[in-house]
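Chains as they are written, first to last, in my numbering: chain A, 66 to 385; chain B, 2 to 291. We put the beta carbon where it would ideally sit given N, CA and C, even for glycine. Presented below is the structure to which this report refers.
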């Protein structure tokens, strides 16, 4: 086994042991981080793999949360996990398909602005109208139930159960996205990133490939948003605000692009950092801003490539 | 809708459109010439508004605040380009997005530390505090008219600068072909710095002049930023004429949308953008055609 595999397995064992060794605070914190890691991986498919910088990814994250509320109708009735989850993911995928179909007509910096603008439109739909509580948002009083017939294998109300469900989600997403990247489809996406003209000359319908990637990324973001909404116990327009989109981009670049492991690493680094800064001062965002600037300036390859950056720096220092 | 209401809404549309233009023109020039996507551009509008609040308190008049604030904004832009943005040109768009996002967080928090998070009003100058009566029940504040006129004057000056002066010629050359401009021996670094300072000053001026009409509040910059992105996308990146047309279009759509469809007015401009993207993905005006 390679060193990377061993590190990955050790990390997995450590994550599986969190509820055994740590208290409720850490179980909730790590569940939140793992949800964010799924969210960041979905964006990595666009940014790191296909080379599409989207600044509106939170729209798909948030819409899935709203899908729970809107599909429930009665706020005190429990929805079924098995119906509401596919519904939420489908809602995110459809929205991504619609936004992607328009946004992918543009490229580069236009694409960044257009994805930001459309996600802001979705924000205003939930903010300005009275859907699901308008700008105040709405509570999810009862978490979805996972019943098969009369048998309930786990309960999302239980923090530890929730934790293991999210851990399974993280592993499943990682494995599936890895398989996707190794497939012909994944290679085509990487090809588009490095030279779209050439891919088109080779006969690939690059627009269709990019749109498929955009929709899949939206669906996976919806998966994360669904569990995030359940964990918080409410949805509000802030879930799909553009700060959320920028934060998930930050996680990606903190961890490193294009290999999914970076997305997970970045989610851990970002959430822990945010918690650390928040405990220091109420103006913690100024620290965050300064940190972001320093990190992007000094570590353009992210934490998972920090070793390379360090070696390059040493070499340069050695030359001088 | 009677004639008076219609007239008032038209005036409001023009005012909003021209304000958007002042912010968006800097954004589009900075992108067109330097290739930098600047999320922090809305912060300059916010900083301008807060500068108007602080400086009009110190000098006792809004005009004093503007007379002090504009040179300050130019100096601030010049320094910021030298200290920060000049490092962004070689970075890719993703890094530019994150670096300028980091800058937004810093600006917003510094503002919060210095002035706090309350909403503040800026007094309207006494000479302009009257209202023009329209019909029997309605009136239009003179100050809002002044904002429109001031913005119009600045916009006209900008067009004269771009089309009739040597500096404007260089800016247009830089926007249509950066490398060629450099190889002709024009000091492109200096040009970048001047254009950036100009963009900051335009956005800050918009914030200052509109501060008495809108009051100053946290987050005001980001709101303007995203609408300005829509303006730039509709107008065509790098095109100042496009920015003017798109800004006025959005001014009208947003203002009249609030009258006729209050629940959906926030969405209308994005629908307009969607239509433009289907019809002309490169925007209404060609890239580089300043």
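How long is the line joining the alpha carbons of residue 296 of chain A and residue 213 of chain A, rounded to whole angstroms?
So the alpha carbons of these two residues sit roughly 22 Å apart.
By the three-class DSSP mapping on this structure, what secondary structure does residue 212 of chain A have?
Residue 212 of chain A falls in the strand class under three-state DSSP.
Going by beta carbon distance, what residues of the same chain come within less than 7 Å of residue 84 of chain A, once the five residues before and after it are set aside?
So the list reads 92, 225 and 228, once near-sequence residues are dropped.
Below-8 Å beta-carbon distance, residue 264 of chain B vs any chain A residue
Yes, contact with chain A.
Could one say the Cβ of residue 273 of chain B lies closer than 8 Å to chain A's Cβ atoms, at least one of them?
No, because no Cβ of chain A sits closer than 8 Å to the Cβ of residue 273 of chain B.
Any beta carbon of chain B sitting closer than 8 Å to that of residue 175 of chain A?
Among the CB atoms of chain B, one or more fall inside 8 Å of the CB of residue 175 of chain A.
Could you give the residue range of the beta strand (DSSP E) that holds residue 139 of chain B?
First-last of the beta strand (DSSP E) with residue 139 of chain B: 139 to 142.
Inter-stretch contact (C-beta, 8 Å, three-pair minimum) for the segment 38 to 48 of chain B and the segment 246 to 257 of chain B:
Segment contact: the segment 38 to 48 of chain B against the segment 246 to 257 of chain B, fewer than three CB-CB distances shorter than 8 Å; contact not assigned.
Which of helix, strand or coil does DSSP assign to residue 124 of chain B?
Three-state result, residue 124 of chain B: coil.
At the 8 Å Cβ level, is residue 105 of chain A part of the contact set with chain B, yes or no?
Chain B, which has no Cβ nearer than 8 Å to the Cβ of residue 105 of chain A, makes this no.
How many angstroms separate the CA atom of residue 370 of chain A from the CA atom of residue 70 of chain A?
Distance from the CA atom of residue 370 of chain A to the CA atom of residue 70 of chain A, rounded to whole angstroms, is 16 Å.
What's the gap between the Cα of residue 131 of chain A and the Cα of residue 197 of chain A?
The alpha-carbon atoms of residue 131 of chain A and residue 197 of chain A are separated by roughly 8 Å.
Using a cut-off of 8 Å between C-beta atoms, extract the partners of residue 84 of chain A located in chain B.
Neighbours of residue 84 of chain A on chain B: none; closest Cβ ~34 Å, over 8 Å.
Could you check whether the Cβ of residue 262 of chain A sits closer than 8 Å to any Cβ belonging to chain B?
It does not: the Cβ of residue 262 of chain A has no partner Cβ on chain B nearer than 8 Å.
Relative to chain B, which residues along the segment 189 to 207 of chain A have a C-beta separation below 9 Å, given in chain order?
Listed in chain order, the positions of the segment 189 to 207 of chain A with a beta carbon within less than 9 Å of a beta carbon of chain B are 189, 190, 192, 193, 194 and 195.
Straight-line CA distance for residue 13 of chain B to residue 208 of chain B?
Straight-line Cα distance between these residues: approximately 16 Å.
Spatially closest choice to residue 246 of chain A from A:89, A:115, A:90 and A:159, by CA coordinates
Comparing C-alpha distances from residue 246 of chain A to each of A:89, A:115, A:90 and A:159 shows the shortest one belongs to A:115.
Using a Cβ-Cβ distance cut-off of 8 Å, determine whether residue 289 of chain B contacts chain A.
Residue confidence is low: residue 289 of chain B scores 48 on pLDDT, short of 50, so the model does not pin down where it sits. Its coordinate-derived value is still stated next. By this cut-off, residue 289 of chain B is not an interface position.
Nearest-angstrom beta carbon gap, residue 16 of chain B and residue 148 of chain B [assumed within contact, 8 Å]
Confirmed, about 5 Å.
Which chain A residues sit within Cβ distance under 9 Å of residue 190 of chain B?
The premise fails here: residue 190 of chain B is roughly 20 Å from chain A at the closest Cβ pair, so nothing lies under 9 Å.
Output yes or no for whether 8 Å exceeds the beta carbon distance between residue 248 of chain B and residue 232 of chain B.
Yes.
Please work out which residues of its chain come closer than 7 Å, Cβ to Cβ, to residue 261 of chain A, disregarding the five sequence neighbours upstream and downstream, and give them in chain order.
If we look at residue 261 of chain A and ignore the five residues flanking it on each side, its Cβ neighbours are 271.
Cβ neighbours of residue 245 of chain B in the same chain (closer than 6 Å, five flanking residues each side left out):
Hits under 6 Å: 22.
Buried or exposed for residue 141 of chain A, please, with buried defined as at least 16 other CB atoms from any protein chain shown within 10 angstroms of its CB.
By the 10 Å Cβ count, residue 141 of chain A comes out exposed.
Taking the Cβ atom as the reference point for each residue, do residue 31 of chain A and residue 242 of chain A lie within a distance shorter than 8 Å?
Since the first residue shown for chain A is 66 and the last is 385, residue 31 of chain A is missing from the structure and cannot be characterised.
Burial state of residue 181 of chain B, where buried means 16 or more other Cβ atoms lie within 10 Å:
Label assigned to residue 181 of chain B: exposed.
Quick check on residue 314 of chain A: buried or exposed, where buried means 16 or more other Cβ atoms within 10 Å of its Cβ?
Its Cβ being crowded by 16 or more others within 10 Å, residue 314 of chain A is buried.
Taking a Cβ distance cut-off of 7 Å, strictly less, list which residues of the segment 341 to 357 of chain A are near chain B, in chain order.
Those residues of the segment 341 to 357 of chain A that come within reach of chain B (Cβ to Cβ, closer than 7 Å) are 348, 350, 351, 353, 354, 355 and 357.
Below 8 Å CB to CB, which residues in the same chain sit around residue 174 of chain B once its five sequence neighbours on both sides are set aside?
Cβ neighbours of residue 174 of chain B beyond the five flanking positions: 181, 182, 185 and 187.
Residue 65 of chain B and residue 197 of chain B: beta carbons closer than 8 Å?
At the C-beta level, residue 65 of chain B and residue 197 of chain B stay beyond 8 Å of one another.
State the start and end residues of the unbroken beta strand (DSSP E) segment that holds residue 134 of chain B.
Segment 132 to 135, the beta strand (DSSP E) holding residue 134 of chain B.
Quick one: is residue 343 of chain A buried, meaning 16 or more other Cβ sit within 10 Å of its Cβ, or exposed?
By the Cβ neighbour-count rule, residue 343 of chain A is exposed, with fewer than 16 other Cβ atoms within 10 Å of its own.
Out of A:126, A:94 and A:269, state which residue places its alpha-carbon closest to the alpha-carbon of residue 106 of chain A.
Closest option to residue 106 of chain A, Cα to Cα, is A:126.
Reducing DSSP to helix, strand and coil, say where residue 128 of chain A ends up.
For residue 128 of chain A, the three-state secondary structure derived from DSSP is helix.
Would you please state the rounded distance, in angstroms, between the beta carbons of residue 300 of chain A and residue 294 of chain A? I believe it to be under 8 Å.
Taking C-beta atoms under 8 Å as the contact rule, residue 300 of chain A and residue 294 of chain A qualify, at a distance of about 5 Å.
Report yes if the CB atom of residue 121 of chain A is closer than 8 Å to the CB atom of residue 194 of chain A, and no otherwise.
Taking 8 Å as the Cβ cut-off, residue 121 of chain A and residue 194 of chain A do not qualify as a contacting pair.
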